[in-house]
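Trainee: Starting off with a structure, shown below.
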Amino acid sequence: MQFIRMTWPQQQALSRDIPVILPIAAVEQHGEHMPCGTDTILTMEIVARMEKILGNRALIGPTLWLGNSDHHLDFGATISAAPRTYLDCLHSLVENMLSAGFRRILLLNGHGGNDVPGKQAVFELRQKYRDRSDLLLLLSTYWTLGFEPWLKDPSIQQREMGHACEWETSMMLAIDPSLVGDYKATKTVEFGNSFHPASRGWITKDRSPVGHIGSPQFASAAKGEILLSGFSEAAVGLVERMIQWDGKSWEG
């Protein structure tokens, strides 16, 4: 069910234990061959596929296109909320659902830069409502839920999500190839191993002079369909766990 297609009486009639999915994405540069709305377009496609499977067993909010993308600002084609501003935005987003009485809330992320503030938001809100044992507050990025696309198609080169990479370019080719430029002329920009396992502060130009990271030249629409289907099904699996949660325990 889509939040924006419902009236307030229809929403009031819902069980407060229904999972609420709040998709969060971004508008930012995606290299020389991909549109700046890539993350939002992909996230919207993922949740549309989820809705087809879940039906009326979950309430899906509108995709938040504004993300934490300051690290891409040097290229332009980026609209970003600064990290602390974005953290406050996520707080408000989740608190709106809590004030409406919903208890099981998932921030479903479609942009890497949202991961840290998203985790911080759900952590801080749990501390704020520490006297309640009935809350399930989650953040998950859709490509981190265990789906390994190369097992479905061994020709898939990458083993992790990059940026305007083989994975994202493939998914965009599956959705709307008219939005994808000359990806075949691109060259691999390696992920690198910069001081791992430490976490290093970076901006995108530290890692890529052209704006993409990974290997977009290996993309295809067929790979994109595998990726979209697999990521959507994995996200549905997480929502199924939310539905089955007993409403009080740590386990899920």
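Each residue of the sequence shown is one higher than the last, beginning at 0 in numbering that gives the first Met the number 0. From the three backbone atoms N, C-alpha and C, an ideal C-beta is built for every residue, glycine too.
1. Looking only at its chain, what residues have a beta carbon closer than 6 Å to the beta carbon of Ser193, apart from the 5 residues adjacent to it on each side?
2. Using the rule of at least 16 other Cβ atoms within 10 Å of the residue's Cβ for burial, across every protein chain shown, is His70 buried or exposed?
3. For Gly223, tell me which candidate among Phe217, Thr187, Leu172, Leu237 has the shortest Cα-Cα distance.
4. To the nearest whole angstrom, what separates the beta carbons of Leu86 and Pro61, a pair I think is in contact under 8 Å?
5. Could you tell me the distance, in whole angstroms, from the CA atom of Phe217 to the CA atom of Gly246?
6. Measure the alpha-carbon distance for Gly75 versus Thr37 and round it to whole angstroms.
7. Measure the Cβ-Cβ separation of Met241 and Leu144 and say whether it is below 8 Å.
8. Once DSSP output is grouped into helix, strand and coil, what is the label at Gly191?
9. Straight-line CA distance for Ala233 to His162?
10. Cutting at 6 Å between CB atoms, please list the residues of its own chain near Thr168, excluding the five before and the five after it.
11. Look up Gly213 in the DSSP assignment and give the residues it is bridged to.
12. Below 6 Å CB to CB, which residues in the same chain sit around Pro22 once its five sequence neighbours on both sides are set aside?
Mentor: Reading from the atomic positions:
1. As a working note, residue 193 is residue 194 in the sequence shown. Arg199, listed in sequence order.
2. For this step, residue 70 is matched to residue 71 along the sequence shown. It counts as buried.
3. Taking the first residue of the sequence shown as 1, we reach residue 223 at position 224. For Gly223, the nearest C-alpha among the options comes from Leu172.
4. Here residue 86 corresponds to residue number 87 of the sequence shown, with the count starting at 1. Here residue 61 corresponds to residue number 62 of the sequence shown, with the count starting at 1. Cβ-Cβ separation between Leu86 and Pro61: approximately 20 Å, too far for a contact (criterion under 8 Å).
5. Counting from 1 along the sequence shown, the entry for residue 217 is found at position 218. Counting from 1 along the sequence shown, the entry for residue 246 is found at position 247. When the Cα atoms are used, Phe217 and Gly246 turn out to be separated by approximately 44 Å.
6. Along the sequence shown, read from residue 1 onward, the residue named residue 75 stands at position 76. Along the sequence shown, read from residue 1 onward, the residue named residue 37 stands at position 38. Roughly 15 Å separates the two Cα atoms.
7. Indexing the sequence shown from 1 puts residue 241 at position 242. Indexing the sequence shown from 1 puts residue 144 at position 145. No, Cβ-Cβ distance for Met241 and Leu144 is not below 8 Å.
8. Locating residue 191 in the sequence shown gives position 192, where the first residue counts as 1. Looking at Gly191 - three-state DSSP - the assignment turns out to be coil, as it is neither helix nor strand.
9. By one-based count along the sequence shown, residue 233 stands at place 234. By one-based count along the sequence shown, residue 162 stands at place 163. Ala233 and His162: Cα-Cα distance of roughly 21 Å.
10. Here residue 168 refers to the residue found at position 169 when the sequence shown is read from its first residue. These residues qualify, in order along the chain: Tyr182, Pro215, Ala218.
11. Stepping through the sequence shown from its first residue, residue 213 is reached at position 214. Beta-bridge pairing links Gly213 to Val188.
12. Walking along the sequence shown from the start, residue 22 turns up at place 23. In its chain, beyond the 5 residues on either side, Thr42, Val46, Thr62, Leu107 have a beta carbon closer than 6 Å to the beta carbon of Pro22.
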